[in-house]
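Trainee: Using the numbering used here, you'd call the opening residue of the sequence shown number 2 and step up by one each time. Think of the CB as a built atom: it goes at the ideal place given N, C-alpha and C, for glycine as much as any other residue.
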Amino acid sequence: MRRSTFVCLMLAVGSVLAAQAPAPKATPPRAMRLYVLDCGLLNISREGVERYHVTTTEVGETRMPVPCFLVAHPKGTLMWDVGVIPDDEVEKAAAGGARYDVNSTAAAVVTRTLRGQLAAVGYRPADITYVAISHAHKDHTANLNQFAAATWLTPRAEREFMWKPNNERVEPRFFSALEKSKWIPLDRDEYDVFGDGAAVIKAAPGHTPGHQVLVLNLTSVGKVMIAGDLYHYPAERGFRRAPPDNEFNVAQSAASRAKIEEYLSASKATIWIEHEWAAIAKLKKSPEYYE
Ligand SMILES: [Zn+2]
2 MRRSTFVCLM LAVGSVLAAQ APAPKATPPR AMRLYVLDCG LLNISREGVE RYHVTTTEVG
62 ETRMPVPCFL VAHPKGTLMW DVGVIPDDEV EKAAAGGARY DVNSTAAAVV TRTLRGQLAA
122 VGYRPADITY VAISHAHKDH TANLNQFAAA TWLTPRAERE FMWKPNNERV EPRFFSALEK
182 SKWIPLDRDE YDVFGDGAAV IKAAPGHTPG HQVLVLNLTS VGKVMIAGDL YHYPAERGFR
242 RAPPDNEFNV AQSAASRAKI EEYLSASKAT IWIEHEWAAI AKLKKSPEYY E
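#1: Relative to ligand 1, is the shortest distance from any of its heavy atoms to the C-beta of D39 smaller than 6 Å?
#2: Is D102 close to ligand 1? I mean its beta-carbon at under 6 Å from any heavy atom of the ligand.
#3: Count the other C-beta atoms from every protein chain shown that fall within 10 angstroms of the C-beta of V222, then say buried if there are 16 or more, exposed otherwise.
#4: Helix, strand or coil for L231 per DSSP?
#5: Quick check on the burial criterion: 16 or more other C-beta atoms within 10 angstroms. Buried or exposed for D102?
#6: Could you tell me if A13 is buried or exposed, where buried requires 16 or more neighbouring beta carbons within 10 angstroms of its beta carbon?
#7: Can you list the alpha helix (DSSP H) stretches of 4 or more residues lying completely in the region 95-176, in chain order?
#8: Please confirm if the region 73-86 is in contact with the region 135-150, defined as three or more CB-CB distances below 8 Å between the two stretches.
#9: From A282 to G41, what does the alpha carbon distance come to, in whole angstroms?
#10: Got a sec? Which residues, its chain only, sit under 7 Å from L115 by beta carbon, not counting five neighbours each side?
#11: Is the beta carbon of D188 within less than 6 Å of some heavy atom of ligand 1?
#12: Restricting to Cα atoms, I'd like to know which of K260, K286, K76 is closest to A27.
#13: Is the separation between the beta-carbon of R113 and that of A73 shorter than 7 Å?
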């Protein structure tokens, strides 16, 4: 082997090792950061699309992304929504990713672990300060057990919904460890996570009893609302159709949508619909971040 070839080979090996090694432990940033993580996707059947009162033609792209979000604030960290298939199962899966049927209309595929993506930016699940979910459906909760050491920010009604017997909309094995976690009940319209208005959780019930959204005031991007499943497809919002019939409470969902739309107009916040393919596809993904 020529020496130049050998040097190139060693550089290539070095860069692969660097990509796999976890980053050094992160230090608190000076300004709040938002990392968008890839927690998989959902393939949705025609029936699954139509449950949102839109047609496959109206929505165009029927697949839904499953993003997870890490907020790194000078005073601590917040994990928001934690995926659809637990990391342990993703690690064991063959090439092509882990698969899981959320229900008869939504089939999940996950190729990357949440903890691997966190490690790449210097965080371990055990070090996260707060964990919150938009709501407890299976596609938002898969890795909750890893965050049992965090303080859980949840409406009391959602917590009760999670341990309700025979509740088919949740997967108790995803969150059994949280039963003993420290938790703060969010029983008002707004909860200011770090006390400075930078990250505010707002109540938006109806999709589930304690569905909620996260508003971040980012210094360079402005106000962003990570809207959980207030909507699934942007067409639902554009056409102002009624919420799906299988909402926990359809009337409450409709009222939450109206209230949030008023808030969006007044605050000039940008809404990110978590399952909107085109919107999530164009976001910067971790290790890049928004500030
Ligand atoms: Zn969802």
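Mentor: A quick look at the data gives this:
#1: no
#2: no
#3: Counting Cβ neighbours within 10 Å, V222 comes out exposed, since fewer than 16 surround it.
#4: Here L231 sits in coil by DSSP.
#5: It is exposed - the Cβ of D102 has fewer than 16 other Cβ atoms within 10 Å.
#6: Because the pLDDT of A13 is 48, which lies under 50, any placement of that residue in the model is unreliable, and the number read from its coordinates should be weighed accordingly. Per the 10 Å Cβ criterion, exposed.
#7: 115-120, 157-163, all fully within the region 95-176.
#8: yes
#9: 12 Å
#10: These residues qualify, in order along the chain: L38, C40, C69, V83, G84, D88, N144.
#11: no
#12: K76
#13: no
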